[in-house]
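Peer 1: Quick note, in UniProt numbering, the sequence shown goes up one by one and the last residue is 418. Ideal Cβ placement from N, Cα and C applies to all residues, glycine included. Computed from a prediction, not measured in an experiment: that's the story for all the values here. Can you read through this structure? Questions will come right after.
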Amino acid sequence: MMEEGINFDFEQYINNYQGRTRLNRAFFIADSCPSIAVEALQFALQYITQETHSIELYEACLEKLNLALSQRQQPAMELNRQWMETTSDNNKTRLAQLERELKTYRSNMVKESIRVAQTKLGDYYYDVGNLTEASRNFTKTREFCTTSKNMLDLCFNMIKVHMESDQHHHLASYVARAEVIPQLPDKANTMSTLRCYQAISTLFTGDTNAFTSVGQLLTQQVTIEASAVINQVLSANDVAIYGGLCALASMDRRALQDLLNTNTQFRAFLELEPQVREIMELFQSSKYAACFTLLETLKPTWKLDMYLSPHIDSIIQHIREKAMVQYCLPYSSIDLRSMAQAFNTDVETVEEDLVQLIGQKKKITARIDSHDKILYTKRQNERSQAFDQSMNLGEEYENAARSIMLRVNLVKADMVIR
Numbered sequence: 001m002m003e004e005g006i007n008f009d010f011e012q013y014i015n016n017y018q019g020r021t022r023l024n025r026a027f028f029i030a031d032s033c034p035s036i037a038v039e040a041l042q043f044a045l046q047y048i049t050q051e052t053h054s055i056e057l058y059e060a061c062l063e064k065l066n067l068a069l070s071q072r073q074q075p076a077m078e079l080n081r082q083w084m085e086t087t088s089d090n091n092k093t094r095l096a097q098l099e100r101e102l103k104t105y106r107s108n109m110v111k112e113s114i115r116v117a118q119t120k121l122g123d124y125y126y127d128v129g130n131l132t133e134a135s136r137n138f139t140k141t142r143e144f145c146t147t148s149k150n151m152l153d154l155c156f157n158m159i160k161v162h163m164e165s166d167q168h169h170h171l172a173s174y175v176a177r178a179e180v181i182p183q184l185p186d187k188a189n190t191m192s193t194l195r196c197y198q199a200i201s202t203l204f205t206g207d208t209n210a211f212t213s214v215g216q217l218l219t220q221q222v223t224i225e226a227s228a229v230i231n232q233v234l235s236a237n238d239v240a241i242y243g244g245l246c247a248l249a250s251m252d253r254r255a256l257q258d259l260l261n262t263n264t265q266f267r268a269f270l271e272l273e274p275q276v277r278e279i280m281e282l283f284q285s286s287k288y289a290a291c292f293t294l295l296e297t298l299k300p301t302w303k304l305d306m307y308l309s310p311h312i313d314s315i316i317q318h319i320r321e322k323a324m325v326q327y328c329l330p331y332s333s334i335d336l337r338s339m340a341q342a343f344n345t346d347v348e349t350v351e352e353d354l355v356q357l358i359g360q361k362k363k364i365t366a367r368i369d370s371h372d373k374i375l376y377t378k379r380q381n382e383r384s385q386a387f388d389q390s391m392n393l394g395e396e397y398e399n400a401a402r403s404i405m406l407r408v409n410l411v412k413a414d415m416v417i418r
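Shown next, in the form of structure tokens:
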């Protein structure tokens, strides 16, 4: 639950998206931030009555809205019974018509007509909020798909159902199927959209390298030209935020420098989120205090993103650990008080983080003098290391020379080499 005083422009945020994600994001924001709940739920209620035919969603949303209004001591909204009755009648008529059409086409055995009718029935159930029936009907279209476009439509229909029901493993499988469809229509935009879905599913499927994968997907494989297409999943701003933060948590300094300087596609996304770019530049300049201050300032806003929120603390912790490792690299001993100042935190927090990095995560080879607050890093003798490398290289050359001499002698003896 977010604090009341957050500075968040809901209207500007929600207008970055198209389709059902607007509704889902509005619900998430309402649940996460009481100060914006009424505005978010009023938007959601309007969306439901104008863009869907789900009476169940309408009743659930109105109940939430009236609870939020009562907490503000404002009058409750009444049920729009006329809309509910009209929608209920229309739903029954529409369902009966779609089932008749499907039955007729099945008796005629026209594959394309059956596919279209089955898809329409899936769309109907998705529209009224019955995801189980929507999935069942979309799945049935598979045997009637005859073109790449048909298969792609099936994959996207199943992806949106699994996205809605938070079944991220199933979502990932349909993304993988869509990727290998031959002769993909509108390939650049299609692949960018699939990469956005894949990035979200990767965050939620427990992949140990999730941040690395998401960073690579969004910084390398989504085009700025696809912004108007991907906004049913992620906005262009989201690509900059998710991609930038995950890259910062997982990529080395050289790769980050390439993102900032030479990756023209991702630079275009970063222009939409200059604060993310600033965070990356501060990190690259080793200005860690300013970097983490800005991260903490923006974190409450990122907590309102339904896909980023569960992971933002972990992402920032990965960035912090990476910064600490980089900070320790040049030194044989470090005063923890100076390190705490560099990271804009207290000595106890720095010491706790270092204990984790040394003991559990094995990212730093060092020991801590807790009394004097000094970190001593264990550095391998560089002279000894260079000598060992030279000896190993010499042995490799010697073995290679022996092999060459053996071959020469075999050739001289006119022996067949097989």
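Given Val-325, which residues of its chain have a CB within under 8 Å of its CB, disregarding the five upstream and five downstream residues?
Peer 2: So the list reads Leu-357, Lys-363, Ile-364, once near-sequence residues are dropped.
Peer 1: Would you mind working out which of Ala-249, Thr-223, Val-116 sits nearest Ile-315, comparing C-alpha positions?
Peer 2: With distances taken between Cα atoms, Ile-315 lies closest to Ala-249.
Peer 1: Note down, in chain order, each residue of its chain lying with its Cβ closer than 7 Å to the Cβ of Ala-247, except the 5 sequence neighbours on either side.
Peer 2: Hits under 7 Å: Gly-215, Thr-219, Leu-256, Leu-259.
Peer 1: I'd like the list of long-range same chain contacts for Leu-184, defined as Cβ closer than 6 Å, with 5 residues on each side in sequence excluded.
Peer 2: If we look at Leu-184 and ignore the five residues flanking it on each side, its Cβ neighbours are Thr-190.
Peer 1: Output the distance between the C-alpha atoms of Val-233 and Gln-118, rounded to the nearest integer angstrom.
Peer 2: Taking the straight line from one Cα to the other gives about 24 Å.
Peer 1: Got a sec? Which residues, its chain only, sit under 6 Å from Val-222 by beta carbon, not counting five neighbours each side?
Peer 2: Ser-192, Arg-195, Val-239, listed in sequence order.
Peer 1: Under the rule that 16 or more other beta-carbon atoms within 10 Å means buried, what is Val-161, buried or exposed?
Peer 2: Under this definition Val-161 is a buried residue.
Peer 1: Excluding the five sequence neighbours on either side, which residues of its own chain have a C-beta within less than 8 Å of the C-beta of Phe-283, listed in chain order?
Peer 2: Only Leu-248, Leu-256, Cys-291, Ile-319, Ala-323 meet the Cβ criterion.
Peer 1: Mapping DSSP to helix, strand and coil, what is residue 420?
Peer 2: There is no way to answer for residue 420, as the model of the chain reaches only from 1 to 418.
Peer 1: In the DSSP assignment, find the beta strand (DSSP E) that holds Tyr-376 and state where it starts and stops.
Peer 2: That run of the beta strand (DSSP E) goes 374-377.
Peer 1: Looking at Asn-16 and Asn-231, is the spacing between their C-beta atoms short of 8 Å?
Peer 2: Their beta carbons are under 8 Å apart, which means Asn-231 touches Asn-16 by this criterion.
Peer 1: Please determine if the segment 105-121 and the segment 23-40 are in contact, where contact requires at least 3 C-beta pairs separated by less than 8 Å.
Peer 2: Because the criterion of three Cβ pairs below 8 Å is not met, the segment 105-121 and the segment 23-40 do not touch.
Peer 1: Count the other C-beta atoms from every protein chain shown that fall within 10 angstroms of the C-beta of Lys-64, then say buried if there are 16 or more, exposed otherwise.
Peer 2: Per the 10 Å Cβ criterion, buried.
Peer 1: What three-state label does DSSP hand Asp-335 in the structure shown?
Peer 2: Asp-335: strand per DSSP, three-state reduction.
Peer 1: Between the alpha carbons of Glu-11 and Val-116, how many angstroms are there, rounded?
Peer 2: Rounded to whole angstroms, Glu-11 to Val-116 spans 36 Å at the Cα level.
Peer 1: Looking at the unbroken beta strand (DSSP E) that takes in Arg-277, where does it start and where does it end?
Peer 2: Run containing Arg-277: none in the beta strand (DSSP E); it sits in the alpha helix (DSSP H), 274-284.
Peer 1: Locate the beta strand (DSSP E) running through Arg-367, then write down its first and last residues.
Peer 2: Per DSSP, Arg-367 belongs to the beta strand (DSSP E) from 366-369.
Peer 1: What is the residue span of the alpha helix (DSSP H) that Cys-291 lies within?
Peer 2: Cys-291 -> alpha helix (DSSP H) spans 288-302.
Peer 1: Can you list the alpha helix (DSSP H) stretches of 4 or more residues lying completely in the segment 188-263, in chain order?
Peer 2: Whole alpha helix (DSSP H) segments, 4+ residues: 210-220, 227-230, 236-250, 253-261.
Peer 1: Skipping 5 residues on each side, what residues in its chain have a beta carbon closer than 8 Å to that of Ala-340?
Peer 2: For Ala-340, where only same-chain residues beyond five positions count, the Cβ hits under 8 Å are Asp-346, Val-347, Thr-349, Val-350.
Peer 1: Please return the same chain residues whose Cβ sits closer than 8 Å to the Cβ of Asp-369, not counting the five positions on each side in sequence.
Peer 2: Excluding residues within five positions, the ones whose Cβ falls inside 8 Å are Leu-375, Tyr-376.
Peer 1: By the 10 Å Cβ neighbour count, where 16 or more other Cβ atoms means buried, how is Val-128 classified, buried or exposed?
Peer 2: It counts as buried.
Peer 1: For Lys-322, which three-state DSSP category applies?
Peer 2: Helix.
Peer 1: So, under 8 Å CB-CB, Ala-289 and Asn-344 are touching, yes? Tell me the CB distance rounded to an integer number of Å.
Peer 2: Yes, they are in contact, since the Cβ atoms of Ala-289 and Asn-344 sit about 4 Å apart, within 8 Å.
Peer 1: With distances taken Cα to Cα, identify the nearest neighbour of Trp-235 among Asp-123, Thr-52, Glu-273.
Peer 2: First, the amino acid is wrong: residue 235 is Ser here, not Trp. The option with the nearest alpha carbon to Ser-235 is Glu-273.
Peer 1: Can Ser-213 and Leu-171 be called in contact, C-beta distance under 8 Å?
Peer 2: Cβ distance not < 8 Å, so Ser-213 and Leu-171 don't count as in contact.
Peer 1: Using C-beta distances below 6 Å, list every residue in its chain close to Ser-165, excluding the 5 sequence neighbours before and after it, in chain order.
Peer 2: These residues qualify, in order along the chain: Leu-131.
Peer 1: Distance, Cα to Cα, Pro-300 vs Glu-271?
Peer 2: Approximately 21 Å between the Cα atoms of the pair.
Peer 1: Measuring alpha carbon to alpha carbon, tell me which of Phe-211, Ser-332, Ile-334, Asp-252 ends up nearest Leu-308.
Peer 2: Of the listed residues, the one whose Cα sits closest to Leu-308 is Phe-211.
Peer 1: Quick check: what's the CA-CA separation for Lys-149 versus Thr-21?
Peer 2: Going from the Cα of Lys-149 to the Cα of Thr-21 covers about 23 Å.
Peer 1: Apply the 10 Å Cβ neighbour rule to His-53 and answer buried if 16 or more other Cβ atoms are within range, or exposed otherwise.
Peer 2: Buried: at least 16 other Cβ atoms inside 10 Å.
Peer 1: Please state if the CB of Lys-373 and the CB of Leu-329 are separated by a distance shorter than 8 Å.
Peer 2: Against a cut-off of 8 Å, the Cβ pair of Lys-373 and Leu-329 comes out as no contact.
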